[in-house]
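*Asks:* One structure, pasted below without further comment.
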Ligand code: ADP
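Numbering (the working numbering), first residue to last: 950 to 1320.
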C-alpha cells in the first residue's frame, strides 16, 4: 500500500471507531435513561405484554417499549415514538385522565395504512403507559357491515317501490278485471322476489357470522347434487333446459348438507337462468388428490372477463337489467362463496361470452381413517 492509502485507511478506521463509540454511548445513555425512569421489574412486565406497550415520557419519546409496539410501527428501541401516540399522551396528561383513540400508521414500502387502537394512561407527571392493539381488521369488518346495511336498504327499495306502484295501478284500473289480474300477477312476482331477497340476506348474514355450519356429517356428494337438481328442476323444465349429470365417482365430504345443497342449487339455477331455452346444463362430480369438485357447466350467455372477478361480491350483477328479469338478487354466488369457505373449499369460474360458463366448487374430500 502507498503511504496515501495507509493514511486514508487510518482516517477511515478512526472515523469508524469514533462513530461506533458515539453510537454505543448513545445506546448506553438511552439504557441509563430507561433504567432510571423505568425499573427493571416494570420493563419485564412491559416486555411480557402481548399488545404493544410503551412507557411514554413527557418529551414525546419512549422510555421503554416492547417488541409488539415496534411491530405495530409505534415505537423503536432507540426511543423514537409515533407522533400520534405522543399527541394522545400529551392530551392525557393535560386532562389528567386515560384517553383512547385510533391512530393511523403507515407501514412498509407500499405505505399500507393500519389502524391501531391506542389507550394511554398517565402514571405520574413524568411517565404514561400506552397500550396498543391492531384494529385494522375490526375496522374493515365494521365498514363491510355498514356497506351491507346500505346495500340491503337500497335493494329492498326496488321491489317495495314496484309493489306500491302496482297497488296504485290496481286502484286506478279497478273496473277493468283483466288489467287488475295482470297487475296482481306482477305484484305476486315482486312479492316472491322480496321473499327470496330477505331469505338470502338472512342466509348470508348467518354464513358471515359463521354460526350456521354446526353440522358436519359425512355426505355422499352425488346425493347432495341429486337434491340440488330436484330443487332446480321446475325452473329448468319451464325453459325446456335439460339437466345432465356425470356422477360416476362417489366421493364423500364432511359438511353441512343443507348448505351444500343450497350452494349447488344456486349454481344450477344460475346456469338455467342465464341460458337460452332448449340448451343443456351438465353437473359433474370428480375427485382428485383428496379434493372433491362439483362442476356446473352451461351453454349460456357467458360472463365478460372484467365481471368474472366481481360476480362473487354481494349484490354484484354483470347485467343488472337481465339479472332483474331472471328474478336475481345478486346474492346467490356470494352465498356459494361463503358456503365453500366455511367448508375449507373454493369456488371458481371459467367463462366466455356467448359460449358458456363453468362454475366449480371444490371441497376437501373425506376418507374414513383406516382402523
Ligand atoms: P343473481 O341473483 O343476480 O343471479 P348471483 O350472485 O347468483 O346473482 O350472480 C351474480 C351475477 O353473475 C349475475 O347477476 C350474472 O350477471 C352473473 N352470472 C352468474 N351465473 C351465471 C351464469 N351461469 N352465466 C352467466 N352469468 C352468470
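Backbone N, C-alpha and C fix where the C-beta goes; we use that ideal spot for every residue, glycine too.
All of these numbers come straight from a predicted model, not from anything done at the bench.
Got a sec: does the ligand ADP put a non-hydrogen atom nearer than 7 angstroms to the Cβ of residue 1266?
*Replies:* yes
*Asks:* From 1131, 1144, 1048 and 1087, pick the residue whose C-alpha is nearest to that of residue 1105; which is it?
*Replies:* 1144
*Asks:* Please report the straight-line C-alpha distance between residue 1319 and residue 1169, rounded to a whole angstrom.
*Replies:* At residue 1319 the pLDDT is 49, less than 50, meaning the model places this residue with poor confidence; the figure from the coordinates comes in the next sentence. So the alpha carbons of these two residues sit roughly 18 angstroms apart.
*Asks:* Closest to residue 1203 by C-alpha separation, out of 1309, 1294, 1116 and 1304, would be which residue?
*Replies:* 1294
*Asks:* Just mark residue 1292 as buried or exposed, buried being the case when its beta carbon has 16 or more other beta carbons within 10 Å.
*Replies:* buried
*Asks:* Among the residues of its own chain, which have a CB less than 8 angstroms from the CB of residue 1017, if the five just before and after it don't count?
*Replies:* Residues of the same chain with a CB within less than 8 angstroms of the CB of residue 1017, apart from the 5 flanking positions on each side, are 998, 999, 1000, 1001, 1002 and 1081 in chain order.
*Asks:* Indicate, with yes or no, if the ligand ADP has a heavy atom lying under 7 angstroms from the CB of residue 1220.
*Replies:* yes
*Asks:* If residue 1260 and residue 1156 are in contact, beta carbons under 8 angstroms, what's the gap, nearest whole angstrom?
*Replies:* Contact check for residue 1260 and residue 1156: beta-carbon distance about 17 angstroms, past the 8 angstroms limit, so the pair fails to qualify.
*Asks:* Between 958, 1084, 1040 and 1209, which lies nearest to residue 1074 when the distance is taken from Cα to Cα?
*Replies:* 1040
*Asks:* Tell me whether residue 1121 sits in a helix, a strand or coil according to DSSP, three-state version.
*Replies:* helix
*Asks:* In its own chain, which residues sit with a C-beta less than 7 angstroms from the C-beta of residue 1266, not counting the 5 before and 5 after it?
*Replies:* 1272, 1277 and 1279
*Asks:* Note the first and the last residue of the continuous alpha helix (DSSP H) segment covering residue 1286.
*Replies:* 1281-1291
*Asks:* Given 7 angstroms as the limit, tell me if residue 1215 has its C-beta closer than that to any heavy atom belonging to the ligand ADP.
*Replies:* yes
*Asks:* Grab the span of the beta strand (DSSP E) containing residue 1048 for me, first residue to last.
*Replies:* 1048-1056
*Asks:* To which residues does DSSP link residue 1083 through a beta bridge?
*Replies:* 1065
*Asks:* Within 10 Å of its beta-carbon, does residue 1187 have 16 or more other beta-carbons around it, so buried, or fewer, so exposed?
*Replies:* exposed
*Asks:* Between 1189, 1235, 1244 and 1201, which lies nearest to residue 1214 when the distance is taken from Cα to Cα?
*Replies:* Across the set 1189, 1235, 1244 and 1201, the C-alpha of 1244 shows the shortest separation from the C-alpha of residue 1214.
*Asks:* Is residue 1034 near residue 1004, with beta carbons less than 8 angstroms apart?
*Replies:* In terms of Cβ geometry, residue 1034 and residue 1004 do not form a close pair [threshold 8 angstroms].
*Asks:* Just reading off the beta strand (DSSP E) that residue 1237 is part of, what are its end residues?
*Replies:* 1229-1237
*Asks:* Work out the CA separation of residue 1303 and residue 1181 for me, nearest whole Å.
*Replies:* 23 angstroms
*Asks:* Beta-carbon within less than 6 angstroms of residue 1246's beta-carbon, same chain only, minus the 5 sequence neighbours each way: which residues are those?
*Replies:* 1231 and 1307
*Asks:* Any idea what DSSP makes of residue 1319, helix, strand or coil?
*Replies:* Interpretation of residue 1319 is limited by its pLDDT of 49, a score under 50 that renders its predicted location unreliable; the figure taken from the coordinates is listed afterwards. Residue 1319 falls in the coil class under three-state DSSP.
*Asks:* Any idea if residue 955 is buried or exposed, counting beta-carbon neighbours within 10 angstroms, 16 or more meaning buried?
*Replies:* exposed
*Asks:* Between residue 965 and residue 989, what straight-line distance do the alpha-carbon atoms span, to the nearest angstrom?
*Replies:* 33 angstroms
*Asks:* Does the distance between the C-beta of residue 1223 and the nearest non-hydrogen atom of the ligand ADP fall short of 7 angstroms?
*Replies:* yes
*Asks:* With 16 other CB atoms within 10 Å as the buried threshold, where does residue 1183 fall?
*Replies:* Around the beta carbon of residue 1183, fewer than 16 other beta carbons lie within 10 angstroms, which makes this residue exposed.
*Asks:* Which term fits residue 1286, buried or exposed, when burial requires 16 or more other beta carbons within 10 angstroms of its beta carbon?
*Replies:* Its Cβ being crowded by 16 or more others within 10 Å, residue 1286 is buried.
*Asks:* Could you tell me how far apart the beta carbons of residue 1118 and residue 1097 are, in whole angstroms, since I believe they sit closer than 8 angstroms?
*Replies:* Their Cβ separation, rounded to whole angstroms, is 32 angstroms, which puts residue 1118 and residue 1097 out of contact at 8 angstroms.
*Asks:* Name the DSSP bridge partner or partners of residue 938?
*Replies:* Nothing can be reported for residue 938, as the shown portion of the chain is limited to 950 through 1320.
*Asks:* One question on the structure: do residue 1310 and residue 1216 come within less than 8 angstroms of each other, judged by their Cβ atoms?
*Replies:* yes
*Asks:* Is residue 1020 close to the ligand ADP? I mean its beta-carbon at under 7 angstroms from any heavy atom of the ligand.
*Replies:* no
*Asks:* Residue 1044: which of 1253, 1053, 1026 and 1070 sits nearest, CA to CA?
*Replies:* 1070
*Asks:* Decide if residue 1281 is buried, meaning its Cβ has at least 16 other Cβ atoms within 10 Å, or exposed.
*Replies:* So residue 1281 ends up on the buried side.
*Asks:* To which residues of the same chain is residue 991 closer than 8 angstroms at the C-beta, ignoring the five residues directly before and after it?
*Replies:* 1004 and 1013
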